[in-house]
Ligand code: SF4
Ligand code: SF4
């Protein structure tokens, strides 16, 4: 009997000391400085469309920030047919290997907040990689609305 | 990337267009807004010295800024020729 | 030297603080009224204030932090060392300049290695920065050194209703003290401060880098709409950066869609000057405005009569 064998990656639960970005809408002023910093860091230009994080108005007119949460059990990773997405178990960073990505956008549909985007001109997906552990957005937020926190402290 | 494609040269990326003119003003007069006759007149009427004691009044400060930018080789990095105030890319 | 870096609160002169006022790019050109009001009023409250001479652009930390951090630190030090040479602390009114200078100064105080590197560049201009001074906001000087009680005692409220625009950079301290100082000081100077929903929203200055349309229509105009509905006399600001953006947005909106924003945008120091009886013409209150301030002056005059 033929059976398709789905292999679930045997992930340890993400170590609790890994870092994520936490946004506080009560402090956010919607200045989008984080978005300009992000597009500059990744694409050397100031362009909101290219920014890998987004600040938009929420249903109650508050500012909502959409950024990758580097999930403990990432849906994007599970959805990728060519295993181009991986999670570094030490740092917790979920990243796309652009050399492997076939640009099928499965990750975008799988991610609950559609974080991965098609990178223009490259036909491969791109997403926040926490700038390798030292995010540019956090450096420029003067309202101190975003911070890098560990999962452990913020359960 | 360079270990996979050793022959590829890094592309020179220009600074974003929105800051290009600002940077020229910053490096030529030391500040982002120039002083003109009209402003000088209003400053006089407001009980101030027509020329503010900023780099407007001390042109050597703007020269110092250029020296510092050159010392850090930032002009090369952003492709701005400080002598002609033109961008190379 | 080592101890000095540990405490961010070391004073150059423990008896009485003396300040160099950092003007920045916008204030001397677009807001002579604010500059004049600050320079005339603060000394009357016992603040030892002089201009910070040879001031250059602070520079914009938001831009330079990502392009090249050294530029931010070096050019900020170039400004700070002018005050240090005079044995004075720096005072800034613009939130943006304040954050740029404050954070650069803090970083250099805590990081002697960086300071050494920066001084290497500064040596080219035969200058040197020791990072021995403090950077303070106009609001800190007014609130912590002059004090709301003294201001209340020596002034008479201007009989107007206003709304506030604090600005993003005013929120750099977790405890939100600058924003608190701003509203308490304004409350002490006017009849009523009216809160509104979008008070926390950014003016849109930063957004100009990426999208001028967004900055003008989604930020400045949204704010203007909310303010117009309030039926107030003025919008109070302290940040030159926010003023710069509002002034530009007023012009663009008028030109593009014929939108009139007739609410005067005034600086806190103007209120302070008026409240202690300085005549509006002494600090040029009528010139270079986005909207006429005659109604404020009329209310002030009838109250003083
Ligand atoms: S920089 Fe900070 S305050 Fe501004 S939009 Fe981003 S999270 Fe909000
Ligand atoms: S891209 Fe989406 S699913 Fe993947 S780690 Fe980030 S938030 Fe989670």
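Protein chains in written order, with our numbering: chain F, 1 to 155; chain H, 1 to 89; chain Z, 1 to 305. Where a beta carbon is used, it is the ideal one built from N, C-alpha and C, also for glycine.
Would residue 33 of chain H pass as a contact of residue 287 of chain Z if the rule is Cβ separation under 9 angstroms? Looking up residue 33 of chain H in the second chain gives position 33. Looking up residue 287 of chain Z in the third chain gives position 287. No, these two residues do not count as a Cβ contact at 9 angstroms.
Got a sec: is the Cβ-Cβ distance from residue 204 of chain Z to anything in chain H below 9 angstroms? For the purposes of this step, residue 204 of chain Z is identified with residue 204 of the third chain, where counting begins at 1. For residue 204 of chain Z, the closest Cβ of chain H is not nearer than 9 angstroms.
Any residues in the stretch 67 to 78 of chain H with a beta carbon nearer than 9 angstroms to a beta carbon of chain Z? Which ones, in chain order? Those residues of the stretch 67 to 78 of chain H that come within reach of chain Z (Cβ to Cβ, closer than 9 angstroms) are 67, 68, 69, 70, 71, 72, 74, 77 and 78.
For residue 118 of chain F, write down the residues that DSSP places opposite it in a beta bridge. Mapped onto the first chain, residue 118 of chain F falls at position 118. Answer by DSSP bridge pairing, in chain order: F:125.
Within the 9 angstroms Cβ cut-off, does residue 54 of chain H reach chain F? The count along the second chain starts at 1 and reaches residue 54 of chain H at position 54. Answer no: the Cβ-Cβ gap between residue 54 of chain H and chain F never drops below 9 angstroms.
Any 3 or more C-beta pairs closer than 8 angstroms across the stretch 210 to 230 of chain Z and the stretch 58 to 65 of chain F: A contact is defined here as three or more CB-CB pairs under 8 angstroms, and the stretch 210 to 230 of chain Z fails this definition with respect to the stretch 58 to 65 of chain F.
Can you list, in chain order, every residue whose CB sits closer than 7 angstroms to a heavy atom of ligand 1? Working through the chain, the matches are F:23, F:27, F:28, F:29, F:30, F:31, F:32, F:33, F:34, F:35, F:55, F:63, F:65, F:137, F:140, F:141, F:143, F:145, F:146, Z:168 and Z:202.
Output the distance between the C-alpha atoms of residue 173 of chain Z and residue 144 of chain F, rounded to the nearest integer angstrom. Residue mapping note: residue 173 of chain Z aligns to position 173 of the third chain, counting from 1. Residue mapping note: residue 144 of chain F aligns to position 144 of the first chain, counting from 1. Near 8 angstroms, if we compare the C-alpha coordinates of residue 144 of chain F and residue 173 of chain Z.
What does the alpha-carbon distance come out to for the pair residue 200 of chain Z and residue 119 of chain Z? Along the third chain, one-based indexing puts residue 200 of chain Z at 200. Along the third chain, one-based indexing puts residue 119 of chain Z at 119. So the two alpha carbons sit approximately 38 angstroms from each other.
Checking the sheet assignment: what are the DSSP bridge partners for residue 146 of chain Z? By 1-based counting over the third chain, the position of residue 146 of chain Z is 146. Answer is none; residue 146 of chain Z lacks a bridge partner.
Contacts that residue 46 of chain F makes with chain H (C-beta to C-beta distance below 7 angstroms): On the first chain, position 46 is the one that residue 46 of chain F refers to. When 7 angstroms is used as the limit between beta carbons, residue 46 of chain F is near these residues of chain H: 16 and 18, in chain order.
Nearest chain F C-beta to residue 174 of chain Z closer than 9 angstroms, yes or no? Translated into positions along the third chain, residue 174 of chain Z becomes position 174. Yes, because at least one Cβ of chain F sits closer than 9 angstroms to the Cβ of residue 174 of chain Z.
Along the stretch 120 to 154 of chain F, what residues have a CB closer than 7 angstroms to any CB found in chain Z? Here the close residues are 136, 139, 140, 142, 143 and 144.
Quick one: measure Cβ to Cβ for residue 18 of chain H and residue 46 of chain F, integer angstroms, because I've assumed they're closer than 8 angstroms. For the purposes of this step, residue 18 of chain H is taken as residue 18 along the second chain, with counting starting at 1. For the purposes of this step, residue 46 of chain F is taken as residue 46 along the first chain, with counting starting at 1. Right, the Cβ-Cβ distance comes to about 6 angstroms (below 8 angstroms), so this counts as a contact.
Beta carbon of residue 61 of chain Z, beta carbon of residue 72 of chain Z: below 9 angstroms? Along the third chain, read from residue 1 onward, the residue named residue 61 of chain Z stands at position 61. Along the third chain, read from residue 1 onward, the residue named residue 72 of chain Z stands at position 72. Yes, Cβ-Cβ distance for residue 61 of chain Z and residue 72 of chain Z is below 9 angstroms.
Beta carbon of residue 155 of chain Z, beta carbon of residue 84 of chain Z: below 9 angstroms? Locating residue 155 of chain Z in the third chain gives position 155, where the first residue counts as 1. Locating residue 84 of chain Z in the third chain gives position 84, where the first residue counts as 1. Note that the C-beta distance between residue 155 of chain Z and residue 84 of chain Z is not below 9 angstroms.
Exposure of residue 210 of chain Z, with buried meaning 16 or more beta-carbon neighbours within 10 Å: Position 210 of the third chain holds residue 210 of chain Z. Taking a 10 Å sphere around the C-beta of residue 210 of chain Z, we find 16 or more other C-beta atoms and assign the residue as buried.
Of the residues that make up the stretch 70 to 85 of chain Z, which ones have a beta carbon closer than 7 angstroms to any beta carbon in chain H? Of all residues in the stretch 70 to 85 of chain Z, the ones placed with a Cβ closer than 7 angstroms to any Cβ belonging to chain H are 70, 71, 74, 75 and 78, in chain order.
Note down, in chain order, every chain F residue with its Cβ under 7 angstroms from the Cβ of residue 306 of chain Z. The requested residue 306 of chain Z does not occur in the structure, where chain Z is confined to residues 1 to 305.
With DSSP as the reference, identify every bridge partner of residue 91 of chain Z, one or two as the case may be. The count along the third chain starts at 1 and reaches residue 91 of chain Z at position 91. DSSP output for residue 91 of chain Z lists Z:21 and Z:136 as bridge partner(s).
Say whether chain Z places a C-beta atom closer than 9 angstroms to the C-beta of residue 31 of chain F. Numbered from its first residue, the first chain carries residue 31 of chain F at position 31. Output row for residue 31 of chain F: interface = yes.
If we cut at 9 angstroms on Cβ distances, does residue 169 of chain Z have a partner in chain F? Taking the third chain and counting its residues from 1, the one referred to as residue 169 of chain Z is at position 169. True, the Cβ-Cβ gap to chain F drops below 9 angstroms.
Should residue 304 of chain Z be labelled buried (16 or more other beta-carbon atoms within 10 Å of its own) or exposed? Start at 1 with the first residue of the third chain, and residue 304 of chain Z comes out as number 304. With a threshold of 16 other beta carbon atoms within 10 Å, residue 304 of chain Z falls short and is exposed.
Report the residue from F:54, F:109, F:35 and F:137 whose alpha carbon sits nearest the alpha carbon of residue 125 of chain F. As a working note, residue 125 of chain F is residue 125 in the first chain. For residue 125 of chain F, the closest of F:54, F:109, F:35 and F:137 by C-alpha to C-alpha distance is F:109.
Does the contact criterion of 3 or more C-beta pairs under 8 angstroms hold for the stretch 49 to 58 of chain H versus the stretch 26 to 40 of chain H? Counting Cβ pairs under 8 angstroms, three or more are found: they touch.
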